[in-house]
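K.L.:
My questions will all concern the structure given below.
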Amino acid sequence: MSGVLVVMDQRGGVMNRMSFEALAAGKQLAAKLGAECSAAVLGESGGGGGVGNAALARMYSVEHALLKVYTADGYVGALEQLVKKVEPTHVLFPHTYQVRDFAPALATRFKQVLISDVIAVHDGPVFVRQLLQGKLNADYRQTGSGPCFVSVQAGSFRAEAESGEAAVEVFVPAIDAAQIRNKPGELFRESTQTVDLSAAPVIVSVGRGIGEESNIGIVQELADALGAELAASRPICDNGWLPMERQVGSSGQTVSPKLYLAVGISGAIQHLVGMKGSKAVIAINKDEHAPIFEVADYGVVGDLFEVVPALTKAVLAAKQ
Amino acid sequence: MKILVAVKQVPERDAQIRVTADGKWIDEGDLSYTINEPDAYALEEALQLKEKNGGEVVVVCAGPERVTSTLREALAKGADRAIHIEADDLGERDTLGVAQILADAVKAEAPDLILTGLQSDDLGLGQTGVVMAELLGIPHATIIMQVEVVGAGLKVKRELEDGWFQHVEMPLPALLTIQSGGNKLRYATLMGIKKAKTKETKTVTAAAASGAKAIALERVYLPEKQKKTEMLTGTATEIAAKLVEKLKFEVRVI
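Quick mapping for you: the protein sequence lines, in order, are chains G and R. All residue numbers for the first sequence refer to the numbering used here, where the first residue is 51 and numbers rise by one. All residue numbers for the second sequence refer to the numbering used here, where the first residue is 6 and numbers rise by one.
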């Protein structure tokens with residue numbers, strides 16, 4: 051066993067941008083291990099070209115008609131065969147929704163456990179991931195003897211632009227239609243999105259700390275005073291207090307405004323990945339240990355029901 | 006339809022977390038615990054499926070004695086029976102180990118459908134459901150918002166990134182991991198709490214941990230700050246004035 055294998059994630063021929071971050075993580079890990087880094091793309095045919103990465107030892111194009119649309123059974127079956135053939139010590143994935151659907155089952159086939167949602171790799175190798183909604187970090191190490199499976203959190207590794215092409219090797223797995231138990235349908239969106247938060251220069255975002263639906267008005271008033279779009283973390287939209295299209299985070303929109311003002315948002319990982327690209331972050335939260343303060347430029351530990359109305363008043367006064 | 010819901014008990018969201026002196030885990034002494042939120046949505050989906058299609062909802066939880074409070078709450082909300090897998094050493098088991106003891110308990114029940122949350126609020130590995138399905142040899146689908154019984158199988162709505170969804174049809178028995186927000190959570194009624202006292206909770210003992218783990222948690226610690234945060238203090242009015250200064254001269258949005 052040797053080398054690092056990065057399994058890139060694509061849908062309908064479009065490479066998920068997180069795949070390139072996983073590739074960067076894979077190369078970093080390979081350098082630490084003094085080993086080669088290869089990559090794999092799954093699809094019906096002709097994958098792996100145009101990825102542009104001469105630094106890779108090899109690009110495996112895993113091709114089969116049954117891999118045209120994603121199914122967990124198809125992917126697990128194909129990757130089990132590829133991993134057995136390539137025998138890497140480490141298999142890396144981007145932590146996408148698709149990967150979350152099949153990678154744990156793939157690891158189970160090898161009696162291993164996926165180390166998921168990793169934010170850093172240290173010497174050892176030690177894999178760092180977050181616990182308790184980002185309140186703590188934890189160091190994980192593989193103790194099993196099979197290949198080590200790892201998925202990488204969005205935005206944790208910087209994707210590099212690479213030139214040149216890796217040598218492409220076509221691998222055709224043996225998959226039988228009878229092995230595929232789920233029947234996937236077409237992708238769809240609920241409704242045309244009318245709110246494009248990604249274009250907003252200023253966003254005021256509200257989280258669980260607001261307590262009740264009737265309290266959202268005070269945050270709306272602050273947003274109005276600042277000429278900002280109102281956004282929210284997932285629990286607010288889950289409760290139906292604001293429409294889903296105003297949600298920021300891994301299952302909502304990704305934003306990078308000039309200012310992101312987070313009110314009563316603790317800053318769970320799933321939320322942070324949607325806003326950590328903001329130029330400036332202000333956080334108001336009653337818990338001084340809330341993870342949102344880790345990405346905030348300015349922090350206020352206090353009662354949002356006092357601070358927010360006072361801020362609205364001060365902003366309106368300053369604008370006159 | 007017999008539906009089994011696998012739930013986990015996790016520290017309360019607002020709990021003050023302290024790392025133990027050896028840096029291996031958190032101090033559990035004065036923590037209060039609650040049901041893992043995505044698992045609460047899994048339970049809600051199960052109860053609604055039962056209301057629509059009839060059948061039975063069995064809730065299962067692995068852990069020490071304290072997890073029985075979470076099972077009682079699930080019974081009060083409407084689950085028919087509970088299974089407590091007694092295990093004081095969950096920390097000594099990795100995802101595969103925990104999924105194995107859950108799968109062992111599930112096998113004896115032979116449910117048509119297994120539901121669980123898409124991830125836990127404490128470890129957040131997001132895999133127990135998928136690994137269980139693999140161990141049981143049944144199909145799975147993850148991050149599910151809606152479940153519909155169609156003929157002898159299911160039609161589920163899977164959430165993808167960036168507002169995309171997908172319907173997936175699958176045969177039974179199957180396992181689904183449930184996303185939050187698909188349904189509104191119910192509260193236990195007084196009547197429900199009363200009734201729960203007459204419902205069965207079976208206790209089974211987890212098989213001893215095999216000792217061989219595939220991954221190990223070596224150390225937990227507070228994250229290093231990614232940014233230098235300037236904390237603003239004072240009365241609400243003073244803080245507001247300081248923030249306006251920053252908005253004007255540093256962030257330049259007013």
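A virtual CB, placed ideally from N, CA and C, is assigned to each residue, including glycine.
(1) List the residues of chain G that alanine 246 of chain R touches, going by C-beta distances under 8 Å, in chain order.
(2) Using 10 angstroms around the beta-carbon of arginine 67 of chain G, count the other beta-carbons present and answer buried if the total reaches 16, otherwise exposed.
(3) Below 8 Å, how does it come out for the stretch 175-194 of chain G and the stretch 217-228 of chain R: are there three or more Cβ pairs, yes or no?
(4) Where does alanine 115 of chain R sit, in a helix, a strand or coil, going by DSSP?
(5) Can you say whether methionine 196 of chain R is buried or exposed, counting buried as having 16 or more other CB atoms within 10 angstroms of its CB?
(6) For chain G, is any of its Cβ atoms less than 8 Å away from the one on phenylalanine 170 of chain R?
(7) What residues are listed by DSSP as bridge partners for aspartate 288 of chain G?
(8) Going by DSSP in three states, glutamine 270 of chain G sits in which element: helix, strand or coil?
(9) Quick one: what does DSSP say proline 234 of chain G is sitting in, helix, strand or coil?
(10) So which residues of chain G does methionine 175 of chain R contact, with C-beta pairs closer than 8 Å?
(11) Would you please verify whether the beta carbon of threonine 242 of chain R is less than 8 Å from any beta carbon of chain G?
(12) Please work out which residues of its chain come closer than 6 Å, Cβ to Cβ, to valine 331 of chain G, disregarding the five sequence neighbours upstream and downstream, and give them in chain order.
(13) Between R/Ala108, R/Lys204 and R/Ile119, which lies nearest to proline 176 of chain R when the distance is taken from Cα to Cα?
(14) Assign methionine 294 of chain G to buried or exposed, taking buried as 16 or more other Cβ atoms, counted over all protein chains shown, within 10 Å of its Cβ.
(15) With a cut-off of 8 Å, does the C-beta of isoleucine 183 of chain R fall near any C-beta of chain G?
(16) Which residues in the same chain have their Cβ closer than 8 Å to the Cβ of arginine 208 of chain G, if we skip the five residues on either side of it in sequence?
(17) Can the beta-carbon of glutamine 183 of chain G be found closer than 8 Å to that of proline 341 of chain G?
(18) If the cut is a Cβ gap below 7 Å, which residues of chain G does isoleucine 90 of chain R touch?
(19) Helix, strand or coil for glutamate 137 of chain G per DSSP?
(20) Comparing the C-beta of glycine 96 of chain R with each C-beta of chain G, is any distance below 8 Å?
(21) Name the chain G residues whose beta carbon is nearer than 7 Å to that of threonine 100 of chain R?
(22) Cα separation between leucine 48 of chain R and lysine 247 of chain R?
(23) Does aspartate 274 of chain G have its Cβ less than 8 Å from a Cβ in chain R?
(24) Find the nearest neighbour of leucine 276 of chain G within the set G/Glu113, G/Glu137, G/Thr362 and G/Ser95, judged by alpha-carbon distance.
(25) Just checking: is the beta-carbon of lysine 57 of chain R within a distance shorter than 8 Å of some beta-carbon in chain G?
(26) Specify whether the stretch 161-171 of chain R and the stretch 237-252 of chain G touch according to this definition: at least 3 beta carbon pairs, one from each stretch, less than 8 Å apart.
(27) Among the candidates G/Ala204, G/Phe152, G/Leu186 and G/Thr193, whose CA atom is the shortest distance from the CA of histidine 145 of chain R?
(28) For the stretch 133-148 of chain R against the stretch 265-280 of chain G, are there 3 or more C-beta pairs whose distance is under 8 Å?
(29) Any beta-carbon of chain R closer than 8 Å to the one on proline 154 of chain G?
(30) Where DSSP assigns a beta bridge to leucine 116 of chain G, which residues make up the other side?
(31) Leaving out five residues before and five after serine 206 of chain G in sequence, what residues of the same chain have Cβ atoms less than 6 Å from its Cβ?
(32) Counting along the chain, where does the beta strand (DSSP E) carrying glutamate 33 of chain R start and finish?
(33) Where leucine 101 of chain R and valine 171 of chain G are concerned, what is the direct C-alpha to C-alpha distance, given to the nearest angstrom?
(34) So, is phenylalanine 254 of chain R buried or exposed, given that buried needs 16 or more other C-beta atoms within 10 angstroms?
P.N.:
Straight from the coordinates:
(1) Going along chain G in sequence order, the residues near alanine 246 of chain R (Cβ under 8 Å) are Ala364.
(2) Arginine 67 of chain G is exposed by the Cβ-count criterion.
(3) Put simply, the stretch 175-194 of chain G touches the stretch 217-228 of chain R. At least three CB pairs are less than 8 Å apart.
(4) Taken through DSSP and simplified to helix, strand or coil, alanine 115 of chain R comes out as coil.
(5) It is exposed - the Cβ of methionine 196 of chain R has fewer than 16 other Cβ atoms within 10 Å.
(6) Judged by the 8 Å Cβ criterion, phenylalanine 170 of chain R is in contact with chain G.
(7) In the DSSP assignment, no residue is bridged to aspartate 288 of chain G.
(8) Helix.
(9) Strand.
(10) Ordered by position in chain G, the residues that pass the 8 Å Cβ test against methionine 175 of chain R are Arg231, Asn232 and Lys233.
(11) For threonine 242 of chain R, the answer is yes, since a Cβ of chain G falls inside 8 Å of its Cβ.
(12) Annotation for valine 331 of chain G: Tyr310, Val345, Ala346 and Asp347 place their beta carbon closer than 6 Å to its own, counting only its chain and skipping 5 residues before and after.
(13) With distances taken between CA atoms, proline 176 of chain R lies nearest to R/Ile119 out of R/Ala108, R/Lys204 and R/Ile119.
(14) With 16 or more other Cβ atoms inside 10 Å of its own Cβ, methionine 294 of chain G counts as buried.
(15) No, no contact with chain G.
(16) By the criterion of a C-beta distance shorter than 8 Å, arginine 208 of chain G is surrounded in its chain by Glu71 and Ala74, once the five residues flanking it on both sides are discounted.
(17) For the 8 Å CB-CB criterion, glutamine 183 of chain G and proline 341 of chain G form a contact.
(18) Taking the beta carbon of isoleucine 90 of chain R as reference, no residue of chain G falls within 7 Å; the closest one sits roughly 19 Å away.
(19) DSSP places glutamate 137 of chain G in the coil class of the three-state scheme, outside both helix and strand.
(20) No, because no Cβ of chain G sits closer than 8 Å to the Cβ of glycine 96 of chain R.
(21) Correct list: Val163.
(22) Using only the alpha carbons, I get a separation of about 46 Å.
(23) Taking Cβ atoms only, chain R never reaches closer than 8 Å to aspartate 274 of chain G, which makes this a no.
(24) Measuring from the Cα of leucine 276 of chain G, the nearest candidate turns out to be G/Thr362.
(25) Cβ-Cβ to chain G under 8 Å: no for lysine 57 of chain R.
(26) Taking a cut-off of 8 Å on C-beta distances, the stretch 161-171 of chain R touches the stretch 237-252 of chain G, as three or more cross pairs fall below it.
(27) Histidine 145 of chain R has its Cα closest to that of G/Phe152, out of G/Ala204, G/Phe152, G/Leu186 and G/Thr193.
(28) Counting Cβ pairs under 8 Å, fewer than three are found: no touch.
(29) Residue-level contact check: proline 154 of chain G touches chain R, since one or more beta carbons of chain R fall below 8 Å from its beta carbon.
(30) DSSP lists no partner for leucine 116 of chain G.
(31) Around serine 206 of chain G: Ile169.
(32) Neither: glutamate 33 of chain R is in no beta strand (DSSP E) and is coded neither H nor E.
(33) Those two C-alpha atoms are separated by around 22 Å.
(34) Residue burial annotation: phenylalanine 254 of chain R is exposed, with fewer than 16 other C-beta atoms found within 10 angstroms of its C-beta.
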